[in-house]
Amino acid sequence: MKIIVLVKQVPDTYDERKLDPATGILDREASEAIIDEIVERALEVALSYKDSHQDTELVLLSMGPEPVTTSLRKGLSLGADSAVHVRDDDLSGADLTRTAAVLAAALTATGFDLVIAGNESTDGRGGVIPAMVAERLHLPHLTSIDSVEITDAAISGERETENGTLTVHAALPAIISITERAPEVRFPNFKGIMGAKKKPITVLSLSDLSVAPEASGHSIILSTTVRPARAAGKKIIDDGNAGVELAEFLAAGHLI
Amino acid sequence: MSNILTLIEVSSTGELRNTAPALLAAAAKLGTPVAVVAVKPGTGAALASQLGELGASQVYVAESDQVGASLVSPEIEALVSAHAALSPGAVLVAHSVTGRDVAARLAVRLAGGLLIDAVDVRLDADQVIATHSIFGGAYTVEAAVQGGIPIVTVRSGAIQERAKSATPTVTVVPVDVDSGASAVIDAVHDVVVSSTRPELRDAKTVVSGGRGLGSKEKFELVTQLADALGAAVGASRAAVDAGYVSQTLQVGQTGTTVAPALYIALGISGAIQHRAGMQTAKTIVAINTDADAPIFDIADFGIVGDVFTVVPQLIEAINARRH
Ligand SMILES: Cc1cc2nc3c(=O)[nH]c(=O)nc-3n(C[C@H](O)[C@H](O)[C@H](O)COP(=O)(O)OP(=O)(O)OC[C@H]3O[C@@H](n4cnc5c(N)ncnc54)[C@H](O)[C@@H]3O)c2cc1C
Ligand SMILES: Nc1ncnc2c1ncn2[C@@H]1O[C@H](COP(=O)(O)O)[C@@H](O)[C@H]1O
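Below is the structure:
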């Protein structure tokens, strides 16, 4: 079984994240770039399958600028076998349509039985890339999966929706995305970190891939405005009467 | 005015999902609202009058045996069929798990452009413009689509307007679903909402609890305050992970984004990812034993204290004021 995990690098959600007010594009200097936590969980799904199926080949695929290498190295140290990094200056500011087209082309070039992604990234909250890629490749998608069972020919799982869950399955090859209910990733060990240095990262540019020329709609940003930061208000220390004082505050604001 | 397609999600037992009113209201701001539903043959007519009441000028019923069996492909084929028949100016779907999948695959099928998680839409010189709220409301971004049909996912609870009711025309068409490129639905487990509490995403007041509540049993305190205030219940991720409440109540970066008139955080530290989901609330109240908890940085009224003593007193004071 050949599994590809889609790795996205995002600004650390523990830092302040900024948009460039002129372009509305992410300010990559403002915060530290890390491997998205949800992608780590996607990787853990693949790693735990590999634990019990030694012949699994596990490849990481990411599209993004040069610093993505750090995230790919981290994934390799956790146990992935190799990585593919699509990197091209022409891709800076790529919208969803273009990102999906490029990832689909890179997946086809790499070959796979199963693709595992995160259900939505913490920077964009799009949650559309995995299904867009599936449509491009004419494959079934199983998105928003809490728990997954992988066999040689199929995958099944519990899909989480706003209204409950669905039990779903699909034949391989297929694309799945997992939610943050999936287990956290393991810690890298020393052997893994040392070994990662020797594992291959293939860098591809757009000219290495056959990406269909853009005939489709694309989104354009018209304006970006910053909301003023919120200030702290009144803070009291409970001296035995805070519940009553709070009720007064709420009543004064017509909140009760 | 051009036709604006809305994908109306329907439960496995044939009820309209509660995202329908806002989608039709959003469509009415852009053109002629068309409600598109994918249903099993013979079951669509019953929905037409309800959709008319919500503002649909036309109801496009796409029938397929694959509805409920094939994951989101009947819904996509329904929109592809309506698109071919009605040459719409835009397609609106809910920013739900289903809606996002549909929007994603449809954008590729129709070579359209995606506008994701819109909190509002408007028409400006015939162009559909979507407003997005980014990084927990820290930025407001307006965007549009060039060179293809705009496909917009609308954040649930964000659009409060409602469209004027209409008497819709009804079109019923069969659609073919290629089940080859689709996952299969084996079972549906809808959670029956027996609660009389308002829904988290559009409640006027939200009371949320965090890890500070300590246990599932003790989380009951959050529910008690919520009921005293007629509020919805929310939670931090730590509370969800600890099993105090279900994931559907998570507020934050990877949970629901809320913007109520009043948000009360009980035993929540105020990690940046939690704040991302609630910091645009009008009034924020926090109760936490740790005077340095970051939640106090954004609270309009903060109490350094124990929720187990402050909250019962608060409930008593609220009830006393009622009588
Ligand atoms: C990618 C990513 C996404 C995330 N998404 C979310 C998200 O969507 N939502 C979310 O909430 N978190 C999210 N998190 C997690 C977030 O970082 C925090 O871990 C989480 O919000 C902490 O929850 P908490 O405040 O309940 O717990 P803690 O941080 O443990 O805080 C508990 C608080 O309770 C107080 N306390 C204890 N006992 C009492 C008492 N008796 N009375 C009063 N106060 C008391 C303590 O002083 C403490 O401040 C995310 C993290 C990451 C990395
Ligand atoms: N540039 C990218 N490179 C690799 N994977 C990506 C990229 N963008 C999105 N993904 C994958 O798609 C998932 C959902 O992302 P999104 O649709 O952007 O919310 C992520 O968790 C990744 O697994």
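So the protein lines, in turn, are chains R and Y. For the first sequence, the tail end lands on 256 under the working numbering, and the numbers increase by one without skipping. For the second sequence, the tail end lands on 579 under the working numbering, and the numbers increase by one without skipping. A virtual CB, placed ideally from N, CA and C, is assigned to each residue, including glycine. Note that the coordinates shown come from a computational prediction; the quantities given were computed from them, not determined experimentally.
Distance between valine 5/R and lysine 199/R (C-alpha atoms, nearest Å): In the first sequence, the residue the question calls residue 199/R occupies position 199. In the first sequence, the residue the question calls residue 5/R occupies position 5. Each residue's alpha carbon lies about 16 Å from the other.
Whole angstroms are fine: how far does the CA of threonine 269/Y sit from the CA of leucine 142/R? By one-based count along the first sequence, residue 142/R stands at place 142. By one-based count along the second sequence, residue 269/Y stands at place 13. Near 22 Å, if we compare the C-alpha coordinates of threonine 269/Y and leucine 142/R.
Closest to glutamate 162/R by C-alpha separation, out of Asp548/Y, Val462/Y, Val447/Y and Leu477/Y, would be which residue? Residue mapping note: residue 162/R aligns to position 162 of the first sequence, counting from 1. The shortest Cα separation from glutamate 162/R among Asp548/Y, Val462/Y, Val447/Y and Leu477/Y belongs to Val447/Y.
So, with DSSP's three-state summary, where would you put glutamine 529/Y? Taking the first residue of the second sequence as 1, we reach residue 529/Y at position 273. When secondary structure is reduced to three states using DSSP, glutamine 529/Y falls in the helix class.
Where in the segment 512-576 of chain Y do unbroken runs of the alpha helix (DSSP H), each at least 4 residues long, occur, reported from the N-terminal end onward? 528-531
Under 9 Å from the C-beta of threonine 262/Y: neighbouring residues of chain R: For the purposes of this step, residue 262/Y is taken as residue 6 along the second sequence, with counting starting at 1. Result: empty, since nearest Cβ-Cβ is about 17 Å, beyond 9 Å.
Unbroken beta strand (DSSP E) run spanning tyrosine 395/Y, endpoints: For the purposes of this step, residue 395/Y is taken as the residue at position 139 of the second sequence. 395-402 is the span of the beta strand (DSSP E), which, as asked, contains tyrosine 395/Y.
Could you check which residue in Ile34/R, Ile175/R and Ala182/R has the C-alpha nearest to that of leucine 72/R? Position 72 of the first sequence, counted from the start, is the residue given in the question as residue 72/R. Among Ile34/R, Ile175/R and Ala182/R, the Cα nearest to that of leucine 72/R is on Ile34/R.
Quick test of the definition: if touching needs 3 or more C-beta pairs under 8 Å, does the segment 450-464 of chain Y touch the segment 482-497 of chain Y? As far as the Cβ criterion goes, the segment 450-464 of chain Y touches the segment 482-497 of chain Y, which means the pair count is three or higher.
Taking a Cβ distance cut-off of 7 Å, strictly less, list which residues of the segment 201-220 of chain R are near chain Y, in chain order. Ala215, Ser216, Gly217, His218, Ser219 and Ile220
Are three or more beta carbon pairs between the segment 346-355 of chain Y and the segment 411-424 of chain Y nearer than 8 Å? Because the criterion of three Cβ pairs below 8 Å is met, the segment 346-355 of chain Y and the segment 411-424 of chain Y touch.
Consult DSSP for leucine 206/R and reduce its assignment to one of helix, strand or coil. The residue labelled residue 206/R in the question sits at position 206 within the first sequence. If DSSP states are grouped into helix, strand and coil, leucine 206/R belongs with the helices.
Glutamate 476/Y to proline 130/R span [Cα, whole Å]: Taking the second sequence and counting its residues from 1, the one referred to as residue 476/Y is at position 220. Taking the first sequence and counting its residues from 1, the one referred to as residue 130/R is at position 130. So the alpha carbons of these two residues sit roughly 38 Å apart.
Using a beta-carbon distance cut-off of less than 7 Å, what residues from the segment 426-457 of chain Y approach chain R? Ala437, Ser438, Ala439, Val440, Ile441, Asp442, Ala443, Val444, His445, Asp446 and Val447
Contact list for methionine 194/R against chain Y, beta-carbon separation under 7 Å: Walking along the first sequence from the start, residue 194/R turns up at place 194. Going along chain Y, no residue has its Cβ under 7 Å from methionine 194/R, so there is no contact; the nearest lies around 33 Å.
Taking the C-alpha atoms as reference points, what is the distance between serine 464/Y and proline 228/R? Taking the second sequence and counting its residues from 1, the one referred to as residue 464/Y is at position 208. Taking the first sequence and counting its residues from 1, the one referred to as residue 228/R is at position 228. Whole-angstrom Cα-Cα distance: 24 Å.
Grab me the residues of histidine 385/Y's own chain with a C-beta within less than 8 Å of its C-beta, minus the 5 sequence neighbours each way, in chain order. By one-based count along the second sequence, residue 385/Y stands at place 129. One point to set straight first is that residue 385/Y is isoleucine, not histidine, in the sequence displayed. The residues are Val377, Arg378, Leu379, Glu398, Ala399 and Ala400.
Indicate, with yes or no, if ligand 3 has a heavy atom lying under 8 Å from the CB of serine 82/R. Absent from the structure shown: ligand 3. Ligands present: ligand 1 and ligand 2.
Nearest by alpha-carbon distance to proline 568/Y: which of Ala252/R, Ala106/R and Leu246/R is it? Taking the second sequence and counting its residues from 1, the one referred to as residue 568/Y is at position 312. Looking at the Cα atoms, Leu246/R is the closest of the given residues.
For tyrosine 14/R, name the three-state secondary structure that DSSP assigns. Along the first sequence, read from residue 1 onward, the residue named residue 14/R stands at position 14. Three-state result, tyrosine 14/R: coil.
Proline 344/Y versus lysine 191/R: straight-line alpha-carbon distance, rounded: Here residue 344/Y refers to the residue found at position 88 when the second sequence is read from its first residue. Here residue 191/R refers to the residue found at position 191 when the first sequence is read from its first residue. Roughly 58 Å separates the two Cα atoms.
Simplified DSSP state of methionine 132/R, which is helix, strand or coil: Counted from its first residue, the first sequence places residue 132/R at position 132. Correct three-state label for methionine 132/R: helix.
Contact under 9 Å by Cβ, valine 7/R with valine 68/R: Your numbering for residue 7/R matches position 7 in the first sequence. Your numbering for residue 68/R matches position 68 in the first sequence. Yes. Within cutoff.
Are glycine 369/Y and isoleucine 407/Y touching if we call contact CB-CB under 9 Å? Taking the second sequence and counting its residues from 1, the one referred to as residue 369/Y is at position 113. Taking the second sequence and counting its residues from 1, the one referred to as residue 407/Y is at position 151. Contact flag set, yes.
Would you say serine 289/R reaches chain Y, if we count a Cβ-Cβ gap shorter than 9 Å as a contact? Absent from the structure is residue 289/R, since the part of chain R shown begins at 1 and ends at 256.
What three-state label does DSSP hand isoleucine 332/Y in the structure shown? For this step, residue 332/Y is matched to residue 76 along the second sequence. Helix, per DSSP.
Residues of chain Y with CB closer than 9 Å to the CB of lysine 234/R, please, in chain order. Here the question's residue 234/R lines up with position 234 in the first sequence. Residues of chain Y passing the Cβ test: Ala555, Asp556, Phe557 and Gly558.
Quick check: the Cα distance between glycine 298/Y and glutamate 319/Y, rounded to an integer number of angstroms? As a position in the second sequence, residue 298/Y is number 42, starting the count at 1. As a position in the second sequence, residue 319/Y is number 63, starting the count at 1. For glycine 298/Y and glutamate 319/Y, the distance between alpha carbons rounds to 8 Å.
Chain R within 9 Å of glycine 468/Y, Cβ atoms only: For the purposes of this step, residue 468/Y is taken as the residue at position 212 of the second sequence. For glycine 468/Y, the answer is no, since every Cβ of chain R falls outside 9 Å of its Cβ.
DSSP on lysine 191/R, reduced to helix/strand/coil? What you label residue 191/R is simply residue 191 of the first sequence in a count that begins at 1. Three-state result, lysine 191/R: helix.
Keeping to the same chain, check which residues put their C-beta closer than 6 Å to that of proline 188/R; ignore five residues upstream and five downstream. Position 188 of the first sequence, counted from the start, is the residue given in the question as residue 188/R. Correct list, in chain order: Ser77 and Leu78.
Exposed or buried, proline 424/Y, counting other C-beta atoms within 10 Å across all chains shown (16 or more means buried)? Along the second sequence, read from residue 1 onward, the residue named residue 424/Y stands at position 168. Under this definition proline 424/Y is a buried residue.
Determine contact between the segment 17-24 of chain R and the segment 48-60 of chain R, defined as no fewer than three beta-carbon pairs at a distance below 8 Å. no
Cβ closer than 7 Å: which chain R residues qualify as neighbours of glutamine 535/Y? Against the second sequence, residue 535/Y aligns to sequence position 279. Correct list: Arg230.
Using 9 Å as the limit for Cβ to Cβ distance, is threonine 108/R near chain Y? The count along the first sequence starts at 1 and reaches residue 108/R at position 108. So no, threonine 108/R is outside the interface.
Alpha carbon to alpha carbon, how far is aspartate 562/Y from threonine 545/Y? Numbered from its first residue, the second sequence carries residue 562/Y at position 306. Numbered from its first residue, the second sequence carries residue 545/Y at position 289. Distance between the alpha carbons of aspartate 562/Y and threonine 545/Y is about 5 Å.
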